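Residue numbers (the numbering used here): 1 to 255.
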Amino acid sequence: MGLVKLVKTKLQNGMDFWYRDDDKYIGERIALQKYEEYESELILRNVNINSVVVDVGANIGYYTLLLAKVCKKVYAFEPDFDCFKILLKNIAENKLQNVVAINKAVSDKKEVRAMIKDKSNLGNSRLDVRCQISDIRKIETVKLDDEIREKVDLIKIDVQGWEPKVIMGAKKMIKKYKPILFLEFNGDYKMILFLKKYYNNIFMIDYWFYILKKDINIDRKTGYADLFLTNKNINIWERYKNLQWKKVIKTILRY
Numbered sequence: 001m002g003l004v005k006l007v008k009t010k011l012q013n014g015m016d017f018w019y020r021d022d023d024k025y026i027g028e029r030i031a032l033q034k035y036e037e038y039e040s041e042l043i044l045r046n047v048n049i050n051s052v053v054v055d056v057g058a059n060i061g062y063y064t065l066l067l068a069k070v071c072k073k074v075y076a077f078e079p080d081f082d083c084f085k086i087l088l089k090n091i092a093e094n095k096l097q098n099v100v101a102i103n104k105a106v107s108d109k110k111e112v113r114a115m116i117k118d119k120s121n122l123g124n125s126r127l128d129v130r131c132q133i134s135d136i137r138k139i140e141t142v143k144l145d146d147e148i149r150e151k152v153d154l155i156k157i158d159v160q161g162w163e164p165k166v167i168m169g170a171k172k173m174i175k176k177y178k179p180i181l182f183l184e185f186n187g188d189y190k191m192i193l194f195l196k197k198y199y200n201n202i203f204m205i206d207y208w209f210y211i212l213k214k215d216i217n218i219d220r221k222t223g224y225a226d227l228f229l230t231n232k233n234i235n236i237w238e239r240y241k242n243l244q245w246k247k248v249i250k251t252i253l254r255y
């Protein structure tokens with residue numbers, strides 16, 4: 001991989017943040033404070049000092065650090081060891097005592113799988129084959145239902161197409177605690193079809209599903225978007241009426 005240089009910047013919440021100098025996709029955007037601004041605010045508006053949250057696909061710790069400053073506890077799962085080392089450095093740099101960092105992948109079963117690293121994007125490691133292979137490593141997968149025994153208030157998932165497996169491994173947690181879920185999916189609609197198929201099985205009638213568009217082509221099944229799943233008791237329009245969205249939120253069941 002060659003000599004890697006780490007550079008330090010500041011997050012919007014004042015925390016120190018380290019990233020690789022060749023990280024163009026995540027690190028540089030964070031340094032410019034141009035990384036998922038609206039997604040970040042949406043997540044932060046749904047947590048408080050008593051919240052227990054789970055960051056699945058924590059990468060080098062952007063959301064982990066944002067959440068750790070305002071939440072009771074953060075569970076951060078990151079299987080890529082190169083990213084995990086920087087995640088640990090960011091946790092230590094800010095002397096965070098409320099973060100549990102776990103170097104494992106999250107799925108629907110406990111097993112050992114091959115993790116594939118993308119040559120061009122350090123944030124694109126995946127349990128899949130749809131990327132240029134530069135490195136393959138064996139990693140352990142776990143279920144959220146097995147790993148966490150306390151009430152969870154929010155789960156953020158960004159695992160490059162593995163999101164349905166993560167949800168299937170958290171069925172008990174979702175049914176019992178009804179946490180807010182925030183996850184990314186690509187425009188091939190597999191995630192939407194999955195959620196519609198298992199709506200009654202997993203989510204019962206307690207959730208509204210919203211799509212946060214990331215680009216204007218999502219209706220043509222290209223690009224990426226975010227899904228925001230929230231308890232129906234939450235009035236999303238009232239809660240976010242003062243947030244100046246550049247994206248569109250709409251219910252998935254009307255999609």
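Positions of the beta carbon are idealized from the N, C-alpha and C atoms, including for glycine.
Quantities reported herein were computed from a predicted structural model and do not represent experimental measurements.
Based on the DSSP output, what are the partners of Phe228 in its beta bridges? Counted from its first residue, the sequence shown places residue 228 at position 228. The partner list for Phe228 (beta bridge, DSSP) reads Phe182 and Tyr210.
Sequence ranges, beta strand (DSSP E) only - wholly within the segment 81-117, length at least 3: 99-102
Taking the straight line between their C-alpha atoms, what separation do you get for Glu39 and Arg45? Numbered from 1 along the sequence shown, position 39 holds the residue referred to as residue 39. Numbered from 1 along the sequence shown, position 45 holds the residue referred to as residue 45. Roughly 10 Å separates the two Cα atoms.
With a cut-off of 8 Å on the beta carbons, I'd call Lys178 and Asp108 a contact; round off their distance for me. Mapped onto the sequence shown, residue 178 falls at position 178. Mapped onto the sequence shown, residue 108 falls at position 108. In fact, because the Cβ distance is near 19 Å, the residues do not count as touching under 8 Å.
Taking all protein chains shown into account, decide if Gln160 is buried (16 or more other Cβ within 10 angstroms of its Cβ) or exposed. In the sequence shown, counting from the first residue as 1, residue 160 sits at position 160. Buried, by the Cβ-count rule.
Our contact map puts Val106 next to Val74 with C-beta atoms below 8 Å; I'd like the distance itself, whole angstroms only. Translated into positions along the sequence shown, residue 106 becomes position 106. Translated into positions along the sequence shown, residue 74 becomes position 74. That belief does not hold up - the Cβ atoms of Val106 and Val74 are roughly 14 Å apart, past 8 Å.
Excluding the 5 residues preceding and the 5 following Thr9 in the sequence, name in chain order all residues of the same chain whose CB lies nearer than 6 Å to its CB. Taking the sequence shown and counting its residues from 1, one reaches residue 9 at position 9. Phe17 and Ala31, listed in sequence order.
Which runs of the alpha helix (DSSP H) at least 4 residues long sit entirely within the segment 137-168? Give them in chain order. 144-147 and 163-168
Cβ shell of Ala262 (< 7 Å), same chain only, five flanking positions each side left out: No information on residue 262 is available, as it lies outside the stretch 1 to 255 that the chain covers here.
What separation, rounded to the nearest whole angstrom, lies between the Cα atoms of Asn98 and Ala68? Position 98 of the sequence shown, counted from the first residue, corresponds to residue 98. Position 68 of the sequence shown, counted from the first residue, corresponds to residue 68. Rounded to the nearest angstrom, the two C-alpha atoms are 7 Å apart.
Quick one: what's got a C-beta closer than 6 Å to Tyr35's C-beta in the same chain, skipping five residues either side? Counting from 1 along the sequence shown, the entry for residue 35 is found at position 35. Same-chain partners within the cutoff: Arg29.
Using only alpha-carbon positions, find the residue among Asp226, Asn231 and Thr230 that is nearest to Glu37. The residue given as residue 37 occupies position 37 in the sequence shown. Cα-wise, what sits closest to Glu37 is Asp226.
Gly27 burial status per 10 Å Cβ neighbour count (16 or more: buried): What you label residue 27 is simply residue 27 of the sequence shown in a count that begins at 1. Under this definition Gly27 is a buried residue.
Work out the CA separation of Arg137 and Lys89 for me, nearest whole Å. On the sequence shown, position 89 is the one that residue 89 refers to. On the sequence shown, position 137 is the one that residue 137 refers to. Using only the alpha carbons, I get a separation of about 22 Å.
Between the Cα of Val52 and those of Leu193, Val100 and Met115, spot the shortest distance and give me the residue it belongs to. In the sequence shown, the residue the question calls residue 52 occupies position 52. Per the Cα distances, Val100.
Express the C-alpha separation of Lys197 and Ile102 in angstroms, rounding to a whole number. Position 102 of the sequence shown, counted from the start, is the residue given in the question as residue 102. Position 197 of the sequence shown, counted from the start, is the residue given in the question as residue 197. Going by the C-alpha atoms only, they are around 30 Å apart.
In the DSSP assignment, find the alpha helix (DSSP H) that holds Arg29 and state where it starts and stops. Your numbering for residue 29 matches position 29 in the sequence shown. From DSSP, the alpha helix (DSSP H) with Arg29 extends over Gly27 to Ala31.
Between which two residues does the beta strand (DSSP E) holding Tyr19 run? As a working mapping, residue 19 is identified with position 19 in the sequence shown. Looking at the DSSP string, the run of the beta strand (DSSP E) that includes Tyr19 is Asp16 to Arg20.
Any idea what DSSP makes of Val68, helix, strand or coil? Within the sequence shown, numbered from 1, the residue matching residue 68 stands at position 68. A small fix is needed here, since residue 68 is Ala in this sequence, not Val. It is helical.
Pairwise C-alpha distance: Met191 and Glu150: On the sequence shown, residue 150 is found 150 positions in, with the first residue counted as 1. On the sequence shown, residue 191 is found 191 positions in, with the first residue counted as 1. One C-alpha to the other measures close to 27 Å.
Less than 9 Å between the beta carbons of Ile139 and Met173, yes or no? Indexing the sequence shown from 1 puts residue 139 at position 139. Indexing the sequence shown from 1 puts residue 173 at position 173. No.
State the Cα-Cα distance for the pair Lys308 and Asp145, rounded to the nearest angstrom. There is no way to answer for residue 308, as the model of the chain reaches only from 1 to 255.
Assign Lys8 to one of three DSSP states: helix, strand, or coil. The residue you call residue 8 lines up with position 8 of the sequence shown. Here Lys8 sits in strand by DSSP.
Exposed or buried, what is Val47 when buried is set at 16 or more other beta-carbons lying within 10 Å of its beta-carbon? The residue labelled residue 47 in the question sits at position 47 within the sequence shown. Classification of Val47: buried, given that the 10 Å Cβ count is 16 or more.
Measure how close the beta-carbons of Cys83 and Ile116 come, nearest whole angstrom, since I'm counting them as under 8 Å. Position 83 of the sequence shown, counted from the start, is the residue given in the question as residue 83. Position 116 of the sequence shown, counted from the start, is the residue given in the question as residue 116. With a Cβ gap of about 14 Å, Cys83 and Ile116 do not count as contacting.
From the DSSP output, in three-state form, read off Tyr198 for me. For the purposes of this step, residue 198 is identified with residue 198 of the sequence shown, where counting begins at 1. Residue state, collapsed to three classes: coil.
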